[in-house]
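Okay, structure first, notes after.
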Amino acid sequence: MDRIVIIGGGASGIVASIFAKRKHNQVIVLERNSAPLKKILMTGNGRCNYLNECYHEDFYTSEDSDLISSILRSEHIQSVKDFFERLGVVPKIKNGYYYPFSSQAVTIKNVLLNEAKRLGVEIHLSSLVTNIEKNGSHFLVTCEDEEIQCDKVIMATGSSAYPKTGSDGMGYSFLKQFHFSLIEPLPGLVPLFAKKKYPKWDGVRSDVAIELFEDGEFMAREEGEIQCTSYGVSGICIFNLSNRISRGLSLGKKEEIHIHFAPFIQTLITPWMNDYAKKCPHKTLEELLGGFLNEKLASVLIEESNLSPTDFYLELSNEQKLRLCKNIRSFSLEIVGTKGFDSSQICIGGVRLKDLDVHTMESKKVKGLYVVGELLDMNGQCGGYNLTTCWISGMLAGSSCGGKDD
Ligand SMILES: Cc1cc2nc3c(=O)[nH]c(=O)nc-3n(C[C@H](O)[C@H](O)[C@H](O)COP(=O)(O)OP(=O)(O)OC[C@H]3O[C@@H](n4cnc5c(N)ncnc54)[C@H](O)[C@@H]3O)c2cc1C
Numbered sequence: 184m185d186r187i188v189i190i191g192g193g194a195s196g197i198v199a200s201i202f203a204k205r206k207h208n209q210v211i212v213l214e215r216n217s218a219p220l221k222k223i224l225m226t227g228n229g230r231c232n233y234l235n236e237c238y239h240e241d242f243y244t245s246e247d248s249d250l251i252s253s254i255l256r257s258e259h260i261q262s263v264k265d266f267f268e269r270l271g272v273v274p275k276i277k278n279g280y281y282y283p284f285s286s287q288a289v290t291i292k293n294v295l296l297n298e299a300k301r302l303g304v305e306i307h308l309s310s311l312v313t314n315i316e317k318n319g320s321h322f323l324v325t326c327e328d329e330e331i332q333c334d335k336v337i338m339a340t341g342s343s344a345y346p347k348t349g350s351d352g353m354g355y356s357f358l359k360q361f362h363f364s365l366i367e368p369l370p371g372l373v374p375l376f377a378k379k380k381y382p383k384w385d386g387v388r389s390d391v392a393i394e395l396f397e398d399g400e401f402m403a404r405e406e407g408e409i410q411c412t413s414y415g416v417s418g419i420c421i422f423n424l425s426n427r428i429s430r431g432l433s434l435g436k437k438e439e440i441h442i443h444f445a446p447f448i449q450t451l452i453t454p455w456m457n458d459y460a461k462k463c464p465h466k467t468l469e470e471l472l473g474g475f476l477n478e479k480l481a482s483v484l485i486e487e488s489n490l491s492p493t494d495f496y497l498e499l500s501n502e503q504k505l506r507l508c509k510n511i512r513s514f515s516l517e518i519v520g521t522k523g524f525d526s527s528q529i530c531i532g533g534v535r536l537k538d539l540d541v542h543t544m545e546s547k548k549v550k551g552l553y554v555v556g557e558l559l560d561m562n563g564q565c566g567g568y569n570l571t572t573c574w575i576s577g578m579l580a581g582s583s584c585g586g587k588d589d
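Residue 184 is where the sequence shown starts when you use the numbering used here, and the numbers rise one by one after that.
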């Protein structure tokens, strides 16, 4: 029987603890908060989107993207589904997104903690780990009020995202001590700051299509809801683009998004607008755009096109019509920053997959040290993909790190 210490009682740490305990090890989870799984309660707007029906490497970014498929293997995903089913979670599947049928993230928290407790995992709360050393084949883990010698360590401290839940980036410092080369952690799945601000559109939600251009080159396209804010933009499709934008900005690239505010218009927009205006020639621009756009948004687009709300579309010059149509079809917004770790759902970057044995999550250089969860440079889009990384990596590390099968 090995003594295994898991640093961090979040999603990946608790799952690792369950799998390690099932192998008859002594398992101790050290968690700095007074309760484990704090972040889980916030996921999926309190409902926890814990899995997805559809998996593909393209839903992730990583410096070692060729290794993602080894983690995302279909048998691993099936094992995660079986794991939650056996813990008694009944899923509610919406557009492929898995939530617990209760629509409460606390369901996921409770089933994980109940299983860890049933198996006899020791969870030490309010235990901030301050140092980890390796002496020969053993590790010495130091907390504020205890020191534990152990055979294996699983690092599950999370990233720097949402630090009020306990993940403040400490894990990266420990890993640097062990000479891991980290991909710079940056905020991911995060709202974005625009260069030009539009306070008038604050609070507007709109279904849009967005194209991302990096240094003028087309990079990606997303469809979904955007939330316009006084500082810039937010919403799921912005989050999904933000992982790439965050990295691009850190490399000094120019990041620009083009927003199609009326994606239901499948044809060229100028003839469509002409036809639409002809149907109601007595309507002012404000009234006309108000027929399909949020009124605050319509006002911003009219103003940005140097037009007046009381103008009539059919009386505009060709140049004015083009300007307005371009703003509806392809509103250009330069992005100059992210809202930072405090507002980011994940960190992009972290421990390189190539530095680990991706079948066990053990470090190739430091034997007995495992890395799981968001510490990894495996950055998912919205849709349950980041928790999936936590479940799979926790499961792999826990079941590989010693002990024997039932
Ligand atoms: C608002 C929000 C919504 C989200 N929604 C979703 C979603 O619906 N679906 C999805 O897939 N993903 C979602 N995510 C992302 C997902 O929650 C994370 O990727 C995941 O929880 C990370 O798990 P983890 O175990 O790696 O780290 P964490 O959950 O951050 O856990 C790390 C733990 O380690 C502890 N710790 C850190 N340092 C120390 C130390 N030195 N000593 C002791 N303990 C320490 C921390 O207190 C923390 O409890 C969301 C994230 C946020 C912030």
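Glycine included, C-beta positions come from ideal geometry on N, C-alpha and C.
>> Per DSSP, what are the beta-bridge partners of S413 in this structure?
In response: Answer is none; S413 lacks a bridge partner.
>> For M465, count the other beta carbons within 10 Å of its own beta carbon; 16 or more makes it buried, fewer makes it exposed. Which is it?
In response: It is worth fixing the name first, because residue 465 is His in this sequence and not Met. It counts as exposed.
> Apart from the five residues on each side of it in sequence, which residues of its chain come closer than 6 angstroms, Cβ to Cβ, to G618?
Replying inline: Any question about residue 618 goes unanswered here, given that the chain covers just 184 to 589.
> Opposite S515 in the DSSP bridges: which residues?
Replying inline: H441
> Mind checking whether the beta-carbon of G418 lies closer than 7 angstroms to any heavy atom of ligand 1?
Replying inline: no
>> Pairs of beta-carbons, one from the segment 212-225 and one from the segment 361-376, closer than 8 angstroms: are there three or more?
In response: Taking 8 angstroms as the limit for Cβ pairs, the verdict is that the segment 361-376 does not touch the segment 212-225.
> Quick check: the segment 284-292 against the segment 269-276, are there 3 or more CB pairs under 8 angstroms?
Replying inline: yes
> Taking the C-alpha atoms as reference points, what is the distance between F396 and T572?
Replying inline: 28 angstroms
> Given that a residue counts as buried once 16 or more other Cβ atoms are within 10 Å of its Cβ, and exposed if not, what is F475?
Replying inline: exposed
> Using a Cβ-Cβ cut-off of 6 angstroms (strictly less than) and excluding sequence neighbours within five positions of I189, which residues of its own chain qualify?
Replying inline: Only residues of its own chain outside the window of five on either side were considered, and among them G196, A199, S200, V212, I337, A339 have a CB closer than 6 angstroms to the CB of I189, listed in chain order.
> Under the DSSP definition of a beta bridge, which residues are partnered with K277?
Replying inline: According to DSSP, which records beta bridges pairwise, K277 is partnered with Y280.
> Along the chain, where does the beta strand (DSSP E) that runs through G532 open and close?
Replying inline: 529-534
>> Considering just the uninterrupted stretch of the beta strand (DSSP E) at L558, what are its terminal residues?
In response: Careful: L558 lies outside any beta strand (DSSP E) and carries neither H nor E.
> Under three-state DSSP, which class holds A590?
Replying inline: Outside the shown range of the chain, which is 184 to 589, sits residue 590, and nothing can be said about it.
>> I'd like to confirm something about L213: is its beta-carbon nearer than 7 angstroms to some heavy atom of ligand 1, or not?
In response: Under cutoff, so the answer is yes.
> Can you name the start and end residues of the alpha helix (DSSP H) that L484 belongs to?
Replying inline: 478-487
>> According to DSSP, is P464 part of a helix, a strand, or is it coil?
In response: coil
> Pick from C530, S286, L559, T348: whose alpha carbon is nearest that of S425?
Replying inline: Put simply, of C530, S286, L559, T348 the residue whose alpha carbon is nearest the alpha carbon of S425 is C530.
>> What does the Cβ neighbour count give for H542, buried or exposed, with the cut at 16 atoms within 10 Å?
In response: exposed
> Is M225 near ligand 1, with its Cβ less than 7 angstroms from a heavy atom?
Replying inline: Residue side-chain check: M225 places its Cβ nearer than 7 angstroms to a non-hydrogen atom of ligand 1.
> Where do the ends of the beta strand (DSSP E) carrying A377 lie?
Replying inline: It spans 375-377 - the beta strand (DSSP E) in which A377 sits, taken as one unbroken run.
>> As a quick exercise: from N314, F524, N216, K436, pick the residue whose alpha carbon is nearest that of G354.
In response: N314
> From I575 to S257, what distance separates their C-alpha atoms?
Replying inline: 11 angstroms
>> Contact between the segment 392-406 and the segment 345-363 is defined here as three or more beta-carbon pairs at a separation below 8 angstroms; is this criterion met?
In response: no
> With distances taken between CB atoms, is the gap from S413 to E557 smaller than 8 angstroms?
Replying inline: With contacts defined as CB atoms closer than 8 angstroms, S413 and E557 fail to qualify as a contacting pair.
> If we count the other Cβ atoms within 10 Å of its Cβ and call it buried at 16 or more, is P454 buried or exposed?
Replying inline: exposed
>> Out of I187, R535, I419, which one is the CA nearest neighbour of S245?
In response: Out of I187, R535, I419, R535 has the C-alpha closest to the C-alpha of S245.
>> Looking at ligand 1, does it come within less than 7 angstroms of P219, judged from the CB to the closest heavy atom?
In response: At least one heavy atom of ligand 1 falls within 7 angstroms of the beta-carbon of P219.
>> Just to confirm my understanding: we take G128, look at its own chain, exclude 5 residues before and 5 after, and list those with CB closer than 6 angstroms. What are they?
In response: Absent from the structure is residue 128, since the part of the chain shown begins at 184 and ends at 589.
>> I want to check one thing, is the minimum distance from the CB of K222 to the heavy atoms of ligand 1 below 7 angstroms?
In response: yes
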